[in-house]
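Single-structure report; data block below.
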Amino acid sequence: MIHPTPRLRFAPSPTGPLHLGGARTAMYNWAAARALGGTFLLRIEDTDQARSTDASLQIILQGLRWLGIDWDEGPEKGGDFGPYFQMQRLGLYRQAADRLLAAGHAYLCYCTPDEIEAGRKELEAQKAGFAGYNRRCRNLTPAERAVFERQGRKPNVRFKMPEARVMQVHDLIRGDVEVNTKELDDWVMLRPDGVPLYNFACVVDDVGMKITHVVRGEEHFLNGVKQRLLFEALGHECPQYAHIPLILNKEGKKLSKRDADTNMLDYRDKGFPPEAVFNYIALLGWGFSGDRDVFSREEMVQVFRIETIGKAGAKFDEEKLRWMCGEYVRRWAPAQLLERSAPWLQPAVPATALTTHIAWLQNALACYQERIAILSELPGKLGWLFSVPAMDEAAAKNLAKDPAGKQWLLAYAQRLEGANLPPSWPLDRQGVDAAVPLPSKKDAPEPACAFWTPAAIERDCRAFVESLGVKFGSFVHPVRAALTGTDKGPGLFDVLFLLGKDACVARLRAAASHVAL
RNA sequence: GUCCCGGUCGUCUAGUCCGGCCUAGGACCCUAGAUUUUCAUUCUAGUAACACGGGUUCGAAUCCCGUCCGGGAUACCA
Numbered sequence: 038m039i040h041p042t043p044r045l046r047f048a049p050s051p052t053g054p055l056h057l058g059g060a061r062t063a064m065y066n067w068a069a070a071r072a073l074g075g076t077f078l079l080r081i082e083d084t085d086q087a088r089s090t091d092a093s094l095q096i097i098l099q100g101l102r103w104l105g106i107d108w109d110e111g112p113e114k115g116g117d118f119g120p121y122f123q124m125q126r127l128g129l130y131r132q133a134a135d136r137l138l139a140a141g142h143a144y145l146c147y148c149t150p151d152e153i154e155a156g157r158k159e160l161e162a163q164k165a166g167f168a169g170y171n172r173r174c175r176n177l178t179p180a181e182r183a184v185f186e187r188q189g190r191k192p193n194v195r196f197k198m199p200e201a202r203v204m205q206v207h208d209l210i211r212g213d214v215e216v217n218t219k220e221l222d223d224w225v226m227l228r229p230d231g232v233p234l235y236n237f238a239c240v241v242d243d244v245g246m247k248i249t250h251v252v253r254g255e256e257h258f259l260n261g262v263k264q265r266l267l268f269e270a271l272g273h274e275c276p277q278y279a280h281i282p283l284i285l286n287k288e289g290k291k292l293s294k295r296d297a298d299t300n301m302l303d304y305r306d307k308g309f310p311p312e313a314v315f316n317y318i319a320l321l322g323w324g325f326s327g328d329r330d331v332f333s334r335e336e337m338v339q340v341f342r343i344e345t346i347g348k349a350g351a352k353f354d355e356e357k358l359r360w361m362c363g364e365y366v367r368r369w370a371p372a373q374l375l376e377r378s379a380p381w382l383q384p385a386v387p388a389t390a391l392t393t394h395i396a397w398l399q400n401a402l403a404c405y406q407e408r409i410a411i412l413s414e415l416p417g418k419l420g421w422l423f424s425v426p427a428m429d430e431a432a433a434k435n436l437a438k439d440p441a442g443k444q445w446l447l448a449y450a451q452r453l454e455g456a457n458l459p460p461s462w463p464l465d466r467q468g469v470d471a472a473v474p475l476p477s478k479k480d481a482p483e484p485a486c487a488f489w490t491p492a493a494i495e496r497d498c499r500a501f502v503e504s505l506g507v508k509f510g511s512f513v514h515p516v517r518a519a520l521t522g523t524d525k526g527p528g529l530f531d532v533l534f535l536l537g538k539d540a541c542v543a544r545l546r547a548a549a550s551h552v553a554l
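Counting in the numbering used here, the final residue of the first sequence is number 554, and the numbers go up one at a time with none missing.
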């Protein structure tokens with residue numbers, strides 16, 4: 038017992054989705070376990086039978102896995118300290134309760150909810166400060182007990198709290214805190230049906246699973262005190278506790294399950310990179326270093342210490358999350374970008390493009406890599422590659438701006454017709470795109486290619502514009518509009534390259550025909 | 001009501017334990033500029049904070065006290 042192996046757990050109740058706060062709690066436990074070289078386990082606290090569902094459990098598990106938080110023991114994993122579902126541990130609670138009863142640390146309480154409520158009201162009326170259970174059953178004589186039994190009352194098991202003991206508790210985050218047990222109830226451990234309540238099950242399991250550190254939300258701080266006392270009664274050393282502040286919403290209130298998008302899987306489905314979400318959540322109350330916000334899970338594990346978690350609550354800022362997503366998206370290699378994006382591409386991108394035009398698609402995606410933060414933005418931006426796009430307002434304006442625009446488009450179409458542009462989708466052009474990585478960079482050497490590269494297209498275009506005697510800028514805007522239907526997007530010559538000859542020529546002419554003389 | 005915790009730019013934070021290196025650093029956002037064929041990226045610059053009031057000290061964001069504000073707890077939920 039000199040150096041117990043660090044063992045930490047995340048103990049969700051499957052009564053709802055995994056939300057941001059839960060994910061952060063899980064992450065801090067996970068990071069601490071990894072940093073300490075210990076074990077991270079999952080325990081499912083499913084004793085609230087009315088609200089627990091298997092669907093919630095699956096959502097929680099998926100959410101954790103998605104974030105890259107893996108567990109060593111628990112559901113779907115097993116382990117030597119199971120079972121990891123509390124409803125499968127009922128016998129253990131019964132045994133512990135019997136021991137506590139026998140040792141005089143607990144007692145049977147026959148009060149009905151109405152009686153308890155009445156007792157509490159009475160204490161409140163005396164304005165004695167703390168008003169909880171009045172402890173009526175704490176010292177029942179055998180005769181009194183017999184009366185209740187004859188009435189058919191089914192007893193709860195309550196923990197016998199010290200009446201007014203001042204405890205010094207040490208919390209890894211709060212430091213030393215003094216708590217007077219007179220603020221605490223004789224709390225219910227076990228219901229008549231043998232289903233334990235939170236504090237009791239938690240301690241029995243923390244003992245059984247040899248938990249060494251408990252990191253959880255600060256709403257559990259006082260539970261921690263009750264639990265310490267129970268550990269004491271059970272004759273076990275208690276784990277080290279760390280109570281972390283809550284994540285707040287924009288209004289500064291506790292981020293609840295009711296707040297929009299607190300379900301981890303919503304972020305997954307919208308195409309937020311999990312590493313970015315992980316990274317961002319970690320920042321809500323913890324800092325990697327004074328001058329760096331972007332870090333990997335591995336880097337976090339290297340420096341993480343429970344004691345360095347902040348004491349103040351943090352507000353969730355979706356803008357910074359989005360920025361963080363962009364940071365990650367921009368770092369991906371072309372193949373990675375395609376692989377990550379694939380689930381969001383259809384139906385904007387035809388299925389055959391995914392199988393037969395990989396290099397082309399990679400190039401197209403690369404052109405948007407620095408223009409998106411989350412993957413679900415992609416399909417809306419790629420449509421112009423596959424079909425003639427509708428003109429948006431800005432594009433229509435650019436098209437109509439110069440009276441000579443129509444002639445430019447027609448002339449440029451004619452010039453391109455004789456140019457050595459790559460073929461257009463759905464013609465095969467794999468070799469072309471493999472040889473010419475997009476987006477084109479200013480100073481990069483020009484790759485060898487059987488067709489014009491974007492740089493070659495640009496040279497030709499500039500020469501053409503010069504011969505026209507037009508300002509380059511005023512020429513380029515209507516062309517972009519004709520080709521993509523919008524005024525935003527990749528560099529024009531990447532656009533021409535991507536689109537290929539036939540599509541460019543056709544679109545230029547189609548657009549020209551719509552422009553009034 | 002009672003108990004506990006917290007309070008540095010609008011937001012996330014570094015600094016607080018071991019007062020001086022802090023004319024308070026970084027990041028998001030915002031603004032301006034540079035690059036440029038648009039948007040975006042990138043780069044540069046800028047705006048912006050120690051909640052308030054008392055102490056202690058040569059010196060306080062850092063230590064102490066009070067006030068205010070915020071959060072949490074006070075269940076046969078977890």
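We put the CB at the ideal spot given by N, CA and C, even for glycine.
These numbers were taken from a predicted model, which means no experiment stands behind them.
Contact belief for residue i with residue j at Cβ below 8 Å, rounded distance in angstroms
i      : j      : result
Ala134 : Val194 : 5 Å
Tyr278 : Gly254 : Actually they do not touch by this definition, with Cβ atoms about 12 Å apart.
Asn171 : Gly156 : 4 Å
Pro527 : Pro476 : 6 Å
Asp497 : Ala456 : 7 Å
Ser378 : Lys307 : Incorrect: roughly 13 Å between the Cβ atoms, too far for contact.
Thr299 : Leu94  : The pair is not a contact, with the Cβ atoms about 17 Å apart (cut-off 8 Å).
Phe501 : Arg452 : 6 Å
Given residue i as reference, the closest of the options once Cα atoms are compared
i      : options                        : result
Thr522 : Ile343, Leu422, Met198, Thr178 : For the record, residue 522 in the displayed sequence is Gly; it is not Thr. Out of Ile343, Leu422, Met198, Thr178, Leu422 has the C-alpha closest to the C-alpha of Gly522.
Glu376 : Ala238, Trp360, Leu398         : Leu398
Pro54  : Tyr304, Cys404, Ala319         : Tyr304
Gly245 : Glu274, His207, Tyr317, Leu234 : Glu274
Pro49  : Tyr121, Pro41, Ala70, Ala68    : Tyr121
Arg46  : Tyr130, Asp109, Gln86          : Asp109
Thr42  : Gly75, Gln86, Ala87            : Gly75
Glu152 : Glu161, Arg173, Gly141, Phe167 : Arg173
Leu447 : Glu344, Val532, Phe325, Ala519 : Ala519
Pro192 : Val206, Ala543, Val225         : Val225
Simplified DSSP state of residue i, which is helix, strand or coil
i      : result
Pro426 : coil
Gln264 : helix
Gly506 : coil
Lys114 : coil
Asp135 : helix
Thr299 : coil
Met246 : coil
Asp208 : strand
Leu73  : coil
Leu227 : strand
Leu79  : strand
Gln277 : strand
Phe196 : strand
Ala410 : coil
Arg359 : helix
Ile494 : helix
Cα-Cα separation between residue i and residue j, rounded to whole angstroms
i      : j      : result
Asp243 : Leu271 : 12 Å
Gly128 : His257 : 25 Å
Gln444 : Ala549 : 8 Å
Asp524 : Val513 : 10 Å
Trp323 : Pro112 : 28 Å
Met124 : Arg367 : 46 Å
Ala143 : Glu220 : 18 Å
Arg61  : Leu321 : 8 Å
Leu137 : Leu145 : 11 Å
Ala180 : Pro51  : 42 Å
Glu364 : Met204 : 47 Å
Val130 : Lys352 : For clarity, residue 130 is Tyr in the given sequence; the question names Val instead. About 38 Å.
Pro482 : Ala492 : 10 Å
Ser504 : Tyr449 : 11 Å
C-beta atoms of residue i and residue j nearer than 8 Å
i      : j      : result
Ala63  : Ile106 : yes
Ala385 : Pro416 : yes
Ile284 : Ile210 : no
Phe309 : Arg334 : no
Phe116 : Leu78  : The displayed chain sequence assigns Gly, not Phe, to residue 116. Closer than 8 Å, so yes.
Pro276 : Leu104 : no
Phe556 : Pro459 : Given a span of 38 to 554 for the chain in the structure shown, any question on residue 556 remains unanswerable.
Asn66  : Val240 : no
Phe196 : Asp230 : no
Thr218 : Ala201 : yes
Gln99  : Leu302 : yes
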